[in-house]
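In the UniProt record's numbering, the protein residues as written are 1 to 118.
All residues carry an ideal CB built from backbone N, CA and C; glycine is no exception.
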Amino acid sequence: MRIPILKLHDYLLISVQVDLDDQTALQFQEDVLNKIHLEGSRGVVIDLTSVDMIDSFIAKVLGDVVDMSNLMGAKVVLTGIQPAVAITLIDMGIVLDEVPTALDLEQGLDRLQQELEG
Numbered sequence: 001m002r003i004p005i006l007k008l009h010d011y012l013l014i015s016v017q018v019d020l021d022d023q024t025a026l027q028f029q030e031d032v033l034n035k036i037h038l039e040g041s042r043g044v045v046i047d048l049t050s051v052d053m054i055d056s057f058i059a060k061v062l063g064d065v066v067d068m069s070n071l072m073g074a075k076v077v078l079t080g081i082q083p084a085v086a087i088t089l090i091d092m093g094i095v096l097d098e099v100p101t102a103l104d105l106e107q108g109l110d111r112l113q114q115e116l117e118g
């Protein structure tokens, strides 16, 4: 199953509405990077509101998507991180210190604009 990626100006908006298994996560990673390349996107907002739990592999892929997107020149903002997901990320040692976060998609877009202007 593919996760839809929407384009808004020079941003990509992604709302993860499915359970992330290993195959879906890898496909997501490939799709995001290809879309950044094709569209010349400057920023990406990934909304995780519907994601209740993640495992170590999914956490690693998510961290990799952020790092790879940054290498390609696209700033990533994560939104809607649930408490259990935050706990899992910290417990697994996934460091997202440099990744801006926001409570919801609207705040995430605002935050992305601030990051790109600053």
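Checklist entry - Count the other CB atoms within 10 Å of the CB of S50; is the residue buried (16 or more) or exposed (fewer)? => result Counted from its first residue, the sequence shown places residue 50 at position 50. Answer is exposed; the Cβ neighbour count stays below 16.
Next on the checklist: Quick check: what's the CA-CA separation for Q29 versus L116?
Outcome noted: Here the question's residue 29 lines up with position 29 in the sequence shown. Here the question's residue 116 lines up with position 116 in the sequence shown. Straight-line Cα distance between these residues: approximately 22 Å.
Next on the checklist: Using DSSP's beta-bridge definition, name the partner residues of K75.
Outcome noted: Against the sequence shown, residue 75 aligns to sequence position 75. Paired residue(s): G43.
Checklist entry - What are the boundary residues of the alpha helix (DSSP H) that includes L89? => result Counted from its first residue, the sequence shown places residue 89 at position 89. Start and end: 83-91.
Checklist entry - Can you name the residues that DSSP bridges to K60? => result On the sequence shown, residue 60 is found 60 positions in, with the first residue counted as 1. Paired residue(s): none; K60 is not in a bridge.
Next on the checklist: If I measure Cβ to Cβ from K7 and keep anything under 7 Å in the same chain, skipping five residues before and after, which residues do I get?
Outcome noted: One-based indexing of the sequence shown puts residue 7 at position 7. The residues are E39.
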